[in-house]
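S.K.: Just dropping this structure here.
There are 2 protein chains.
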Amino acid sequence: MPAYLEGSRARVVAVLEELIAEQRRRSPGIEDRTEGRLEGDPYGPVLYDLMLDYPLREAKGLRPALCIATCRALGGNLEAALPTASVLELYHNAFLVHDDVEDRSHVRRGGPTLHAAHGQAIAVNVGDGMLALTLRPLLANIERVGLGPALRILEAMAEMSERTVEGQAMELDWIRRNTWELSDDDYIEMVVRKTGWYSFIIPTRCGALCARSDPKVCEQLERFARDLSVAFQIQDDVLNLVGGADEIGKDARGDLWEGKRTLVLLHALRTAAPADRDRAVAILAKSVPEVSLAGVPSLLARLEDQGQLAPAGRAELERALGLAELRSAAEVDALMELIEAQGSIDHARRRAREHLEAARASLEAATRPCSTPATGTSCGAWSISCWSAAGDRV
Amino acid sequence: MPAYLEGSRARVVAVLEELIAEQRRRSPGIEDRTEGRLEGDPYGPVLYDLMLDYPLREAKGLRPALCIATCRALGGNLEAALPTASVLELYHNAFLVHDDVEDRSHVRRGGPTLHAAHGQAIAVNVGDGMLALTLRPLLANIERVGLGPALRILEAMAEMSERTVEGQAMELDWIRRNTWELSDDDYIEMVVRKTGWYSFIIPTRCGALCARSDPKVCEQLERFARDLSVAFQIQDDVLNLVGGADEIGKDARGDLWEGKRTLVLLHALRTAAPADRDRAVAILAKSVPEVSLAGVPSLLARLEDQGQLAPAGRAELERALGLAELRSAAEVDALMELIEAQGSIDHARRRAREHLEAARASLEAATRPCSTPATGTSCGAWSISCWSAAGDRV
């Protein structure tokens, strides 16, 4: 990572901490409470403290880094991009909080998900609170980057949120309909929406807007960002299958446990013999139980062992609770074996490399006319920072 | 309702329908899909269609009516306020979708809640999608009402969302800590945040901003709006206890089933004999089970009747699933009897009337200098529309 990006993550976290502290101070009625009318801080423990939970966990800070790096490379300075970069990090973490509820995920960045630790109600509200806090810094941008760029950044955030929920909706619709006959292009359309827009395209666009740069440059950079996002996401899916739990900060092979549509898995299903595919789809049709039911399967087994529950009653309860739907470790292993037999990880790596090459070409086209030695950085330095933030993983 | 407000609800719904239709058209890649690459509309069934579900159900349209009425009374026209009023309705419905998930509510406006019908994942995402769509019309406001008012409306929306999640957090914190020793003032602070800001204060402020009116007038109107919101909310709580299910569009006595902190219930607990209070608090400590577990209690009872499940096993399962926590109809009746014995509904009605009187006084102070016969309406007509939208219920 180039020198001018070092420490940017710490700066971003500091901005978020100050944003939330300011919010606590601004909240009307706080003076009544210090006079003892209401005990303690009624929002802190279930709102403002929790907004910082995910952002303070170990993370790469990819989105703010891309925004800041783009701004610097195009002649802007760190101060111009910092609030916008921090808002991107806040959006990212808000999306994660809600996604974890939606995906029933147990682990995030090496710790329990917010809803696993505090319940769904608090997690949904904390996510909404984080989204609410994105607006003020973007309005304050007017003084920092000028009215035109500030308004275009607000529009960019609108577009980003719209695309993100569309990507999430595509995936939820496939889950709901148990759809597995999907091409690489279907997958790419979904992940570009679900994560590409908010992780790559909009951070890049916002960085360029903070530097008040030419819309044409923005356009070319967005092609670069789109391809980089595809390469990144495919590699993320590969890592989930071949990496250890420490490395990925989530459940190992969590994507198979959760039955996620990944380029890897979709390739395995497309190329498998019909009988193998049908067996895999039957395994994948099973849904993930609610986090709150995690201990119930073993309880049912024990009650049956102790003669307190008849086998037929257990089966009926498992159906009613959606537990018959749980994938077993053996079934997850079977999916992994199919993936290996079909060479699907190699296929995914090839596709990732293709998109990385396309990204490189777009970057070269975009940066040819925009070297900015005056700032002490250049598009060359910027591209290095992009690879180090994202591309090296492929 | 005065003539100039008639039909405003239909106009607001039409704006929301067009906003969502435009969003579908704008979504990139739609042209690929019509060429058959992806089957059908991948977002419609789980995103855009569902965004209109709550807004199209029978509702009063209180928030947009307040915004439009305020704008008209202060000399603005319907067209100036319509987009902002529609965004307020969109926010309101997005909050309802997420609140219903958080409160585990089964019924909303006479139909199943969104998460009861489509699952939590889709409901959380639809709420996020509705929030995402609020931003563009507010940016387009710049051309309609001018830059200054448009930016102040955006700030108002930020403040509104912040206060709303704080109110929700206060309530969730009380639930989490099983706190019941709360004064009328505690309750009022919570409900003003949770619903007063987005239902009364900000719709009024936005209406005044759409009419480009004096900030001083705004300030006085906000005192009016705050008191009206308290009166309205207390009356809503009373209706929940004494009205039929048809009238309130939710579960009858749903607040008692859900164990909600209402001014009525808190008064009953504060004034009851210690033994009665302890019994009531024990009933209220029980939590509401997940919607997905609705059929499980009767299944457990049947399995025990059939000799498939031992009584001890049933008790253990009920604890593990949080079903031992379910309130019974007899327990809800006991709470209602306590409320009646303590005269708590009369107390609540008195408090509601006090706030209504305070609202009336603030309104008179605010409207003395601002009669605007030129528009064919006046603050008198406006106050009538406010009462007919909200105040008459008290």
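Chains A and B, in that order, are what the protein sequence lines are. First residue of the first sequence? That's 1078 in the numbering used here, and the numbers climb one at a time after it. First residue of the second sequence? That's 1078 in the numbering used here, and the numbers climb one at a time after it. Where a beta carbon is used, it is the ideal one built from N, C-alpha and C, also for glycine. From a predicted model like this one, the values you see are computed outputs, not experimental measurements.
My understanding is that Ser1085 of chain A touches Pro1141 of chain A, with C-beta atoms under 8 Å, so please give their C-beta distance in whole angstroms.
M.R.: Position 8 of the first sequence, counted from the start, is the residue given in the question as residue 1085 of chain A. Position 64 of the first sequence, counted from the start, is the residue given in the question as residue 1141 of chain A. The Cβ separation is near 6 Å, so the contact holds.
S.K.: DSSP three-state label for Leu1415 of chain B, please.
M.R.: As a first step, residue 1415 of chain B is located in the second sequence; it is residue number 338 there, counting from the start. Looking at Leu1415 of chain B - three-state DSSP - the assignment turns out to be helix.
S.K.: When you compare only the Cα positions, how much space is there between Gln1419 of chain A and Thr1339 of chain A?
M.R.: Reading the first sequence from its first residue, position 342 is the one you call residue 1419 of chain A. Reading the first sequence from its first residue, position 262 is the one you call residue 1339 of chain A. The alpha-carbon atoms of Gln1419 of chain A and Thr1339 of chain A are separated by roughly 14 Å.
S.K.: On the three-state DSSP scale, how would you describe Pro1189 of chain B?
M.R.: Counting from 1 along the second sequence, the entry for residue 1189 of chain B is found at position 112. Pro1189 of chain B falls in the strand class under three-state DSSP.
S.K.: Give, in chain order, every unbroken run of the alpha helix (DSSP H) that is at least 4 residues long and sits entirely within the region 1144-1172 of chain A.
M.R.: As far as the region 1144-1172 of chain A is concerned, it has no whole alpha helix (DSSP H) run of at least 4 residues.
S.K.: With a threshold of 8 Å between beta carbons, is His1192 of chain A in contact with chain B?
M.R.: The residue given as residue 1192 of chain A occupies position 115 in the first sequence. Chain B, which has no Cβ nearer than 8 Å to the Cβ of His1192 of chain A, makes this no.
S.K.: Enumerated in chain order, which unbroken segments of the alpha helix (DSSP H) with a length of 4 residues or greater are wholly contained in the region 1220-1305 of chain A?
M.R.: 1224-1254, 1261-1268, 1279-1287
S.K.: Could you name the residues of the same chain whose beta carbon sits closer than 8 Å to that of Gln1509 of chain B, not counting the 5 residues immediately before and after it, in chain order?
M.R.: Shown here, chain B extends from 1078 to 1471; a query on residue 1509 of chain B therefore has no answer.
S.K.: Starting from Tyr1125 of chain B and walking both ways along the alpha helix (DSSP H), at which residues does that stretch end?
M.R.: Here the question's residue 1125 of chain B lines up with position 48 in the second sequence. Where Tyr1125 of chain B is concerned, the enclosing alpha helix (DSSP H) stretches over 1125-1128.
S.K.: Report the option in B:Asn1255, B:Met1247, B:Glu1166 whose CA atom is closest to the CA atom of Asp1263 of chain B.
M.R.: Within the second sequence, residue 1263 of chain B is the residue found at index 186, counting from 1. When C-alpha distances from Asp1263 of chain B are compared across B:Asn1255, B:Met1247, B:Glu1166, the shortest belongs to B:Met1247.
S.K.: Quick one: what's got a C-beta closer than 8 Å to Asp1176 of chain B's C-beta in the same chain, skipping five residues either side?
M.R.: In the second sequence, residue 1176 of chain B corresponds to position 99, counting from 1. Here the set comprises Ser1182, Gln1245.
S.K.: Less than 8 Å between CB atoms is the rule here; does Ile1199 of chain B satisfy it with respect to chain A?
M.R.: Against the second sequence, residue 1199 of chain B aligns to sequence position 122. Judged by the 8 Å Cβ criterion, Ile1199 of chain B is in contact with chain A.
S.K.: DSSP three-state call for Arg1110 of chain B: helix, strand or coil?
M.R.: Within the second sequence, the letter at position 33 stands for residue 1110 of chain B. The predicted model places Arg1110 of chain B with a pLDDT of 46, which falls under 50 and marks its position as unreliable; any figure quoted below should be read in that light. Helix, per DSSP.
S.K.: Cβ atoms of Leu1249 of chain A and Val1184 of chain B: under 8 Å apart, would you say?
M.R.: Here residue 1184 of chain B refers to the residue found at position 107 of the second sequence. Here residue 1249 of chain A refers to the residue found at position 172 of the first sequence. No; because the gap between Cβ atoms is not below 8 Å, this pair is not in contact.
S.K.: Consult DSSP for Leu1403 of chain B and reduce its assignment to one of helix, strand or coil.
M.R.: As a working note, residue 1403 of chain B is residue 326 in the second sequence. Three-state DSSP puts Leu1403 of chain B in coil, outside helix and strand.
S.K.: Taking the alpha-carbon positions, what's the Thr1147 of chain A to Ile1219 of chain A distance?
M.R.: Mapped onto the first sequence, residue 1147 of chain A falls at position 70. Mapped onto the first sequence, residue 1219 of chain A falls at position 142. Approximately 19 Å between the Cα atoms of the pair.
S.K.: Per the contact definition of three or more C-beta pairs closer than 8 Å, is the region 1088-1097 of chain A in contact with the region 1204-1219 of chain B?
M.R.: no
S.K.: Helix or strand or just coil, what does DSSP make of Leu1210 of chain A?
M.R.: Position 133 of the first sequence, counted from the first residue, corresponds to residue 1210 of chain A. If DSSP states are grouped into helix, strand and coil, Leu1210 of chain A belongs with coil.
S.K.: Bridge partners for Val1184 of chain B per DSSP, in chain order?
M.R.: Along the second sequence, read from residue 1 onward, the residue named residue 1184 of chain B stands at position 107. Its beta-bridge partners are B:Pro1189.
S.K.: Taking buried to mean at least 16 other C-beta atoms within 10 Å of its own C-beta, is Ser1405 of chain B buried or exposed?
M.R.: The residue given as residue 1405 of chain B occupies position 328 in the second sequence. Ser1405 of chain B is exposed by the Cβ-count criterion.
S.K.: Give the DSSP-derived three-state secondary structure of Leu1386 of chain A in the structure shown.
M.R.: Working through the first sequence from its first residue, we reach residue 1386 of chain A at position 309. Strand at Leu1386 of chain A.
S.K.: Tell me whether Lys1271 of chain A is buried or exposed, calling it buried when 16 or more other Cβ atoms sit within 10 Å of its Cβ.
M.R.: Here residue 1271 of chain A refers to the residue found at position 194 when the first sequence is read from its first residue. So Lys1271 of chain A ends up on the buried side.
S.K.: Does the beta carbon of Gly1113 of chain A sit closer than 8 Å to a beta carbon anywhere in chain B?
M.R.: Counting from 1 along the first sequence, the entry for residue 1113 of chain A is found at position 36. Confidence at Gly1113 of chain A is low in this model, with a pLDDT of 45, below 50, so the placement of that residue should be treated as unreliable; the coordinate-derived value is given next. False, the Cβ-Cβ gap to chain B never drops below 8 Å.
S.K.: Could you compute how far the alpha carbon of Ala1158 of chain B sits from the alpha carbon of Asn1170 of chain B?
M.R.: What you label residue 1158 of chain B is simply residue 81 of the second sequence in a count that begins at 1. What you label residue 1170 of chain B is simply residue 93 of the second sequence in a count that begins at 1. One C-alpha to the other measures close to 19 Å.
S.K.: Between Arg1282 of chain B and Arg1186 of chain A, what straight-line distance do the alpha-carbon atoms span, to the nearest angstrom?
M.R.: Position 205 of the second sequence, counted from the start, is the residue given in the question as residue 1282 of chain B. Position 109 of the first sequence, counted from the start, is the residue given in the question as residue 1186 of chain A. Straight across, the Cα-Cα distance linking Arg1282 of chain B with Arg1186 of chain A is about 42 Å.
S.K.: Less than 8 Å between CB atoms is the rule here; does Ala1435 of chain A satisfy it with respect to chain B?
M.R.: Your numbering for residue 1435 of chain A matches position 358 in the first sequence. Answer no: the Cβ-Cβ gap between Ala1435 of chain A and chain B never drops below 8 Å.
S.K.: So Met1413 of chain A packs on Leu1333 of chain A, CB below 8 Å; how close in whole Å?
M.R.: Position 336 of the first sequence, counted from the first residue, corresponds to residue 1413 of chain A. Position 256 of the first sequence, counted from the first residue, corresponds to residue 1333 of chain A. Rounded, the Cβ-Cβ distance is 7 Å, consistent with contact.
S.K.: Going by CA-CA distance only, name the one from A:Phe1277, A:Leu1224, A:Gly1204, A:Leu1361 that's closest to Arg1253 of chain A.
M.R.: Numbered from 1 along the first sequence, position 176 holds the residue referred to as residue 1253 of chain A. Considering only alpha carbons, the answer is A:Leu1361.
S.K.: Taking the alpha-carbon of Val1178 of chain B as reference, which of A:His1192, A:Ser1276, A:Arg1354, A:Ile1230 has the nearest alpha-carbon?
M.R.: By one-based count along the second sequence, residue 1178 of chain B stands at place 101. Taking each of A:His1192, A:Ser1276, A:Arg1354, A:Ile1230 in turn and checking the Cα distance to Val1178 of chain B, the smallest one comes out for A:His1192.
S.K.: According to the neighbour-count rule (16 or more other Cβ atoms, all chains shown, within 10 Å of its Cβ), is Asp1304 of chain B buried or exposed?
M.R.: By one-based count along the second sequence, residue 1304 of chain B stands at place 227. By the neighbour-count rule (16 or more Cβ atoms within 10 Å), Asp1304 of chain B is buried.
S.K.: Using a cut-off of 7 Å between C-beta atoms, extract the partners of Tyr1120 of chain B located in chain A.
M.R.: In the second sequence, the residue the question calls residue 1120 of chain B occupies position 43. Near Tyr1120 of chain B (Cβ distances below 7 Å), the residues of chain A are Glu1243, Ala1246, Met1247.
S.K.: Give me, in chain order, the residues of the same chain whose beta-carbon lies closer than 6 Å to that of Leu1286 of chain B; leave out the 5 immediate sequence neighbours on both sides.
M.R.: Numbered from 1 along the second sequence, position 209 holds the residue referred to as residue 1286 of chain B. Apart from sequence neighbours up to five positions away, the residues of its chain that approach Leu1286 of chain B with a beta-carbon distance below 6 Å are Pro1226, Arg1229, Ile1230, ordered along the chain.
S.K.: Between Gly1336 of chain A and Gly1188 of chain A, what straight-line distance do the alpha-carbon atoms span, to the nearest angstrom?
M.R.: Sequence index remark: in the first sequence, residue 1336 of chain A carries index 259 (1-based). Sequence index remark: in the first sequence, residue 1188 of chain A carries index 111 (1-based). Their Cα atoms are separated by approximately 21 Å.
S.K.: Listed from N- to C-terminal order along the chain, which residues in the region 1288-1309 of chain A have their beta-carbon within a distance smaller than 9 Å of any beta-carbon of chain B?
M.R.: none
S.K.: Could you tell me the alpha carbon to alpha carbon distance between Gln1310 of chain A and Val1201 of chain B, rounded to whole angstroms?
M.R.: Reading the first sequence from its first residue, position 233 is the one you call residue 1310 of chain A. Reading the second sequence from its first residue, position 124 is the one you call residue 1201 of chain B. If I take the Cα positions, the gap works out to 23 Å.
S.K.: Suppose you measure from the CA of Ser1448 of chain A to the CA of Gly1153 of chain A; what does that come to, to the nearest Å?
M.R.: The count along the first sequence starts at 1 and reaches residue 1448 of chain A at position 371. The count along the first sequence starts at 1 and reaches residue 1153 of chain A at position 76. With a pLDDT of 46 at Ser1448 of chain A, under the threshold of 50, the modelled position of that residue is not reliable, and no figure is offered here.
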